[in-house]
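Everything below concerns the one structure shown next.
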Amino acid sequence: MQYATLEQQSETAQLGMWLFIATEILFFGGMMLGYLVFRTHFTADFDRAASRSVIWIGTLNTVVLQTSTLTMVLAIGAARRDLIPLTTRLLYITAALGFVFLCLKGYEYYLDYADHTVPTLGFHVEGASQGPAQLFWLFYFYATGLHAVHLTIGIAVVLVMAYRTRRGDFGPRYYNPLEVTGLYWSFVDIVWAFLFALIYPIGRS
Amino acid sequence: MKREAWLIYVVGWLALLVLLGISAGSAYLHLGGIEEYLPVSLALIQAVIIAVVFMKLRTGSSMKWLFAAAGFYWLLILIGLSSTDYVTRFGYSGRAGFDRMPAASDPALGQH
Numbered sequence: 001m002q003y004a005t006l007e008q009q010s011e012t013a014q015l016g017m018w019l020f021i022a023t024e025i026l027f028f029g030g031m032m033l034g035y036l037v038f039r040t041h042f043t044a045d046f047d048r049a050a051s052r053s054v055i056w057i058g059t060l061n062t063v064v065l066q067t068s069t070l071t072m073v074l075a076i077g078a079a080r081r082d083l084i085p086l087t088t089r090l091l092y093i094t095a096a097l098g099f100v101f102l103c104l105k106g107y108e109y110y111l112d113y114a115d116h117t118v119p120t121l122g123f124h125v126e127g128a129s130q131g132p133a134q135l136f137w138l139f140y141f142y143a144t145g146l147h148a149v150h151l152t153i154g155i156a157v158v159l160v161m162a163y164r165t166r167r168g169d170f171g172p173r174y175y176n177p178l179e180v181t182g183l184y185w186s187f188v189d190i191v192w193a194f195l196f197a198l199i200y201p202i203g204r205s
Numbered sequence: 206m207k208r209e210a211w212l213i214y215v216v217g218w219l220a221l222l223v224l225l226g227i228s229a230g231s232a233y234l235h236l237g238g239i240e241e242y243l244p245v246s247l248a249l250i251q252a253v254i255i256a257v258v259f260m261k262l263r264t265g266s267s268m269k270w271l272f273a274a275a276g277f278y279w280l281l282i283l284i285g286l287s288s289t290d291y292v293t294r295f296g297y298s299g300r301a302g303f304d305r306m307p308a309a310s311d312p313a314l315g316q317h
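If you read the protein sequences in the order shown, they are chains A and B.
Using our numbering, count along the first sequence one by one with no gaps and you end on 205.
Using our numbering, count along the second sequence one by one with no gaps and you end on 317.
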């Protein structure tokens with residue numbers, strides 16, 4: 001037997017996910033460091049460029065993602081209480097909210113394109129040096145694109161979890177994969193909280 | 206699920222939404238300069254709420270805390286040490302950034 005108890009197995013799996021998250025913190029942290037350096041240098045141009053972001057979609061998407069974090073953690077609680085149909089339903093809702101986020105993001109990219117804020121594709125931001133303004137928008141597309149990739153992986157994993165829950169793999173005694181999935185999902189939410197702060201409320205006052 | 210457990214998650218979620226509302230609202234206000242730092246500060250509080258409530262750092266072993274803290278600590282090293290380079294890269298004028306690159310006629314370059 002590999003583990004002495006189920007608790008030990010659960011603890012080990014969660015520590016593994018925390019370790020993975022630590023590497024992810026550095027992955028996104030490096031990108032945010034780049035933002036910090038260039039924003040310190042080109043503050044006025046960054047502010048001008050950021051004021052063109054679509055804040056209502058950014059805010060709405062944050063509500064959607066934070067709500068999905070709630071439904072994810074409630075799904076884990078439902079599994080612990082042996083409420084299997086409820087667990088499955090909450091997991092489907094979580095994945096659906098993730099999908100809504102991606103759809104809104106796609107629509108936002110379209111609005112950005114129409115507003116000439118996609119670097120190299122007819123880019124123009126009034127009243128700013130075009131080079132630094134493009135740096136901001138490069139960060140925007142790079143960071144939100146990588147976040148969307150993480151979210152897409154999360155949606156796929158949550159759907160697999162929903163399938164396995166329905167199949168009867170999980171119950172009050174064993175729901176460890178749900179806990180680990182929940183950790184990943186919450187981390188993707190944390191990354192978004194920082195991206196929101198760095199992109200949307202800037203340069204409008 | 207126990208009722209208290211539901212409650213703490215719903216309260217945590219509401220707190221996240223309130224902080225988001227303040228962050229988005231601050232974009233349109235003049236707050237004497239603090240609006241510059243407010244969104245990131247609020248994001249930091251949101252991150253702590255998500256980690257402690259939704260990622261359950263409040264329960265379980267202290268090893269979890271150690272792993273989570275290590276990630277944050279490495280981030281501080283990454284940003285802290287890198288910033289010392291960018292702040293001091295050109296001269297010691299006390300001003301930050303590499304836009305302070307000395308002009309060709311700058312005595313600091315040895316041209317008089």
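Beta carbons: idealized from backbone N, C-alpha and C, even for Gly.
Nearest neighbour of residue i, chosen from the options [CA to CA]
i, options, result
"B:Ser-266", "A:Leu-138, A:Thr-12 and A:Val-54", "A:Thr-12"
"A:Tyr-109", "A:Ser-10, A:Tyr-92 and A:Thr-144", "A:Thr-144"
"B:Leu-271", "B:Ala-256, B:Gly-285 and B:Leu-283", "B:Ala-256"
"B:Trp-211", "A:Asp-47, A:Leu-74 and A:Met-32", "A:Leu-74"
"B:Pro-244", "B:Gly-237, B:Val-253, B:Ile-254 and B:Ala-232", "B:Ala-232"
"A:Ala-133", "A:Phe-46, A:Ala-78 and A:Gly-34", "A:Phe-46"
"A:Leu-102", "A:Phe-136, A:Val-188 and A:Gln-8", "A:Val-188"
"A:Gly-127", "A:Ala-156, A:Ala-50, A:Thr-23 and A:Glu-7", "A:Ala-50"
"A:His-150", "A:Arg-48, A:Leu-91, A:Arg-80 and A:Thr-181", "A:Thr-181"
"A:Gly-106", "A:Ser-186, A:Phe-136, A:Leu-195 and A:Asn-61", "A:Asn-61"
"A:Gly-77", "A:Tyr-175, A:Ser-186 and A:Tyr-184", "A:Tyr-175"
"B:Val-223", "A:Arg-48, A:Phe-27, A:Ile-21 and A:Val-63", "A:Val-63"
"A:Arg-48", "A:Trp-185, A:Ala-22, A:Gln-130 and A:Asp-82", "A:Gln-130"
"A:Leu-146", "A:Thr-5, A:Leu-195, A:Leu-183 and A:Val-100", "A:Leu-195"
"A:Thr-94", "A:Leu-121, A:Ile-21 and A:Leu-65", "A:Leu-65"
"A:Arg-167", "A:Ala-22, A:Ala-79, A:Val-125 and A:Phe-123", "A:Ala-79"
"A:Thr-87", "A:Arg-164, A:Phe-141, A:Ser-186 and A:Gly-34", "A:Arg-164"
"A:Ala-22", "B:Thr-293, B:Leu-283 and B:Ala-275", "B:Ala-275"
"A:Leu-183", "B:Val-216, B:Lys-269 and B:Thr-293", "B:Lys-269"
"A:Ile-57", "A:Phe-139, A:Ile-190, A:Val-100 and A:Ser-186", "A:Val-100"
"A:Ile-155", "A:Asp-82, A:Tyr-142, A:Phe-123 and A:Ser-186", "A:Ser-186"
"A:Ala-44", "A:Asp-82, A:Val-125 and A:Arg-81", "A:Val-125"
Span separating the alpha-carbon of residue i from that of residue j
i, j, result
"A:Asp-169", "A:Tyr-3", "19 Å"
"A:Gly-16", "A:Met-161", "18 Å"
"A:Ala-197", "A:Ile-84", "37 Å"
"A:Ser-68", "A:Leu-97", "6 Å"
"B:Tyr-214", "A:His-41", "40 Å"
"A:Arg-39", "A:Ile-202", "11 Å"
"A:Gly-29", "A:Arg-89", "34 Å"
"A:Trp-192", "A:Met-32", "12 Å"
"B:Leu-280", "B:Ile-254", "19 Å"
"A:Leu-19", "A:Pro-119", "35 Å"
"A:Val-158", "B:Ser-287", "37 Å"
"A:Pro-172", "B:Ile-250", "32 Å"
"B:Leu-236", "B:Gly-230", "11 Å"
"B:Glu-240", "A:Ile-25", "25 Å"
"B:Arg-263", "B:Thr-289", "34 Å"
"A:Leu-36", "B:Ala-273", "23 Å"
"A:Gln-9", "A:Glu-179", "12 Å"
"A:Thr-71", "A:Ile-153", "17 Å"
"A:Leu-136", "A:Ser-53", "Note that residue 136 of chain A is Phe in the sequence shown here, rather than Leu. One C-alpha to the other measures close to 11 Å."
"B:Gly-238", "B:Ser-228", "14 Å"
"B:Ala-220", "A:Leu-6", "33 Å"
"B:Leu-234", "A:Arg-204", "8 Å"
"A:Leu-104", "A:Tyr-200", "15 Å"
"B:Gly-302", "A:Asp-115", "Below a pLDDT of 50, predicted positions are generally treated as unreliable, and B:Gly-302, at 49, falls in that range; no measurement from the model is reported."
"A:Tyr-92", "A:Thr-117", "35 Å"
"B:Met-260", "B:Ala-252", "10 Å"
"A:Phe-27", "A:Gly-34", "12 Å"
"A:Tyr-113", "A:Leu-121", "8 Å"
"B:Leu-318", "B:Leu-247", "This structure leaves residue 318 of chain B out entirely; chain B is present only between 206 and 317."
"A:Pro-177", "A:Gln-14", "9 Å"
"B:Gly-226", "B:Val-258", "20 Å"
"A:Thr-59", "B:Val-292", "33 Å"
"B:Gly-299", "B:Phe-277", "Since pLDDT at B:Gly-299 reaches only 49, below the 50 mark, its modelled position is unreliable, and the value read off the structure follows with that caveat. Near 28 Å, if we compare the C-alpha coordinates of B:Phe-277 and B:Gly-299."
"A:Ile-190", "A:Ile-55", "18 Å"
"A:Leu-111", "A:Asp-82", "45 Å"
**Message:** Give the list of continuous alpha helix (DSSP H) stretches no shorter than 4 residues that lie fully inside the stretch 83 to 112 of chain A.
**Reply:** Runs found: none.
**Prompt:** Going along the stretch 9 to 30 of chain A in order, which residues come within less than 7 Å of chain B, judged by CB to CB distance?
**Reply:** Answer in chain order: Glu-11, Gln-14, Leu-15, Trp-18, Leu-19, Ile-21, Ala-22, Ile-25, Leu-26, Gly-29 and Gly-30.
**Asked** Which runs of the alpha helix (DSSP H) fall wholly inside the stretch 121 to 175 of chain A and span at least 4 residues, in chain order?
**Response** Fully enclosed alpha helix (DSSP H) runs of no fewer than 4 residues occupy 130 to 167 of the stretch 121 to 175 of chain A, in order along the chain.
**Asked** Between the stretch 269 to 280 of chain B and chain A, which residues of the former have CB atoms less than 8 Å from a CB of the latter, in chain order?
**Response** The stretch 269 to 280 of chain B vs chain A, Cβ under 8 Å: Lys-269, Phe-272, Ala-273, Ala-275, Gly-276, Phe-277, Trp-279 and Leu-280.
**Asked** Along the chain, which unbroken stretches of the alpha helix (DSSP H) at least 4 residues long are found entirely within the stretch 216 to 267 of chain B?
**Response** When DSSP assignments are scanned along the stretch 216 to 267 of chain B, the uninterrupted stretches of alpha helix (DSSP H) that are 4 or more residues long and fall wholly within it turn out to be 243 to 254.
**Short-range partners of chain A found in the stretch 207 to 232 of chain B, where Cβ spacing is below 9 Å** = Residues of the stretch 207 to 232 of chain B that bring their beta carbon within less than 9 Å of a beta carbon in chain A comprise Lys-207, Ala-210, Trp-211, Tyr-214, Val-215, Gly-217, Trp-218, Leu-221, Leu-222, Leu-224, Leu-225, Gly-226, Ser-228, Ala-229, Gly-230, Ser-231 and Ala-232, in sequence order.
**Item:** alpha helix (DSSP H) runs wholly inside the stretch 53 to 82 of chain A, at least 4 long, in chain order
**Value:** Within the stretch 53 to 82 of chain A, the runs of alpha helix (DSSP H) at least 4 residues long that lie entirely inside it are, in chain order, 55 to 80.
**Request:** Could you please tell me which residues of the stretch 159 to 184 of chain A, in chain order, have their CB closer than 7 Å to any CB of chain B?
**Result:** Correct list: Leu-183.
**Request:** Quick one: which residues of the stretch 99 to 127 of chain A get their C-beta closer than 7 Å to a C-beta of chain B? List them in chain order.
**Result:** Going along the stretch 99 to 127 of chain A in chain order, one finds no residue with a Cβ nearer than 7 Å to chain B.
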